[in-house]
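Residue numbers (our numbering): 591 to 895. The C-beta atom is built at its ideal place from N, Cα and C for all residues, glycine as well. Here the structure is laid out as structure tokens; the discussion comes afterwards.
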Ligand code: CP
Ligand code: NVA
């Protein structure tokens, strides 16, 4: 099998995503019926974390065990990664002892360097630039709730961060639209995302305008991991980019609200919205598990059936 990595959303084609969403549905159904799905028996996943995590660690570790394999957790603090061993050397060694690697780190260039020296598939578990596994789960959740995402509109309210960037790539790959509203000074930089064009997104100064008619309204923290020093300035700049009941009201009548979590109620979203009837955040978090099991199976075994 050709070695494949999932470093950014545009690494896979629309047909591959269609396959993954359908496969995630089947894997989820089996899980709910307590049917074993040990297709990766005896395989080893290495998970490297240079930033904190609850959902990503849990969903990858539990997911890989549910596939019959075992998962090893490494972090910067107590491995040689934190003591300056080159990424390239780490990749050579780690990929000789494992079947699959997942990394959560800072710059995208770090995982690209790792991938260039890896003998096994590599998954991006979040970088400063992208969070493709989260968007995989988010779109799977949208499809479960509302059917195909093609032709639909997603409103992004907030920072032009890793989540926003990944939504923009996904819109182009899967043919939907993103209405983006970022505060001044925190705008998207489409030229850096490798997009083919600008047909799948539109920018709005007013977040209410971005939400108008949207089928999915979503946001994320004002300050992502690694940017903590900017927190004070961001608190002021982002004050009007809080998803509230008014924004949900102006969206499509059956719009859903998503947030990758962790959330800060009263900052990027009101409690009324995230804990309200349109919010699907708990399904969204759970679906990390099912979507990533489909992804890991695909990277190691290719298409099944
Ligand atoms: N959404 C997400 O990636 O959560 P964690 O930071 O808890 O992994
Ligand atoms: N944008 C957030 C997502 C956390 C899951 C961050 O990078 O911290």
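{"Item": "Residue 838 vs residue 868 beta-carbon contact at 7 angstroms", "Value": "yes"}
{"Item": "Among 637, 622, 643, nearest to residue 814 - alpha-carbon criterion", "Value": "643"}
{"Item": "The ligand NVA heavy atom lying under 6 angstroms from the CB of residue 680", "Value": "no"}
{"Item": "Own chain, CB closer than 6 angstroms to residue 675, minus 5 neighbours either side, in chain order", "Value": "none"}
{"Item": "7 angstroms Cβ cutoff met for residue 752 and residue 721", "Value": "yes"}
{"Item": "Backbone CA spacing between residue 729 and residue 759 [nearest angstrom]", "Value": "13 angstroms"}
{"Item": "Residue 754: CB within 6 angstroms of a non-hydrogen atom of the ligand NVA", "Value": "no"}
{"Item": "Length at least 3, wholly inside the stretch 777-851: the beta strand (DSSP E) runs in chain order", "Value": "791-793, 806-809, 846-849"}
{"Item": "Start and end residues, beta strand (DSSP E) containing residue 720", "Value": "From DSSP, residue 720 is part of no beta strand (DSSP E); its letter is neither H nor E."}
{"Item": "Of the listed residues 727, 599, 606, nearest to residue 893 (C-alpha basis)", "Value": "606"}
{"Item": "Cα-Cα separation between residue 861 and residue 830, rounded to whole angstroms", "Value": "16 angstroms"}
{"Item": "Span of the alpha helix (DSSP H) around residue 753", "Value": "752-764"}
{"Item": "Three-state secondary structure assigned by DSSP to residue 639", "Value": "strand"}
{"Item": "Opening and closing residue of the beta strand (DSSP E) in which residue 663 lies", "Value": "660-665"}
{"Item": "Proximity test, residue 643 beta-carbon vs the ligand CP heavy atom, cut-off 6 angstroms", "Value": "yes"}
{"Item": "DSSP-derived helix/strand/coil call for residue 699", "Value": "helix"}
{"Item": "Test item: CB-CB of residue 803 and residue 761 under 7 angstroms", "Value": "no"}
{"Item": "Residue 901, buried or exposed, once every other Cβ within 10 Å from all chains shown has been counted against 16", "Value": "Because the chain in this structure spans residues 591 to 895, residue 901 falls outside the shown range and cannot be described."}
{"Item": "DSSP beta-bridge partners of residue 746", "Value": "770, 808"}
{"Item": "Proximity test, residue 815 beta-carbon vs the ligand NVA heavy atom, cut-off 6 angstroms", "Value": "yes"}
{"Item": "Start-to-end residues for the beta strand (DSSP E) that takes in residue 694", "Value": "690-694"}
{"Item": "Beta-bridge partners of residue 634, as assigned by DSSP", "Value": "660"}
{"Item": "Among 678, 801, 672, 800, the one whose alpha carbon lies nearest that of residue 705", "Value": "678"}
{"Item": "Reference residue 732; option with closest CA among 622, 856, 885, 806", "Value": "806"}
{"Item": "Residue 812 burial status per 10 Å Cβ neighbour count (16 or more: buried)", "Value": "buried"}
{"Item": "Rounded C-alpha distance that separates residue 886 from residue 633", "Value": "11 angstroms"}
{"Item": "The stretch 738-747 contacting the stretch 620-627, beta-carbon criterion three pairs below 8 angstroms", "Value": "no"}
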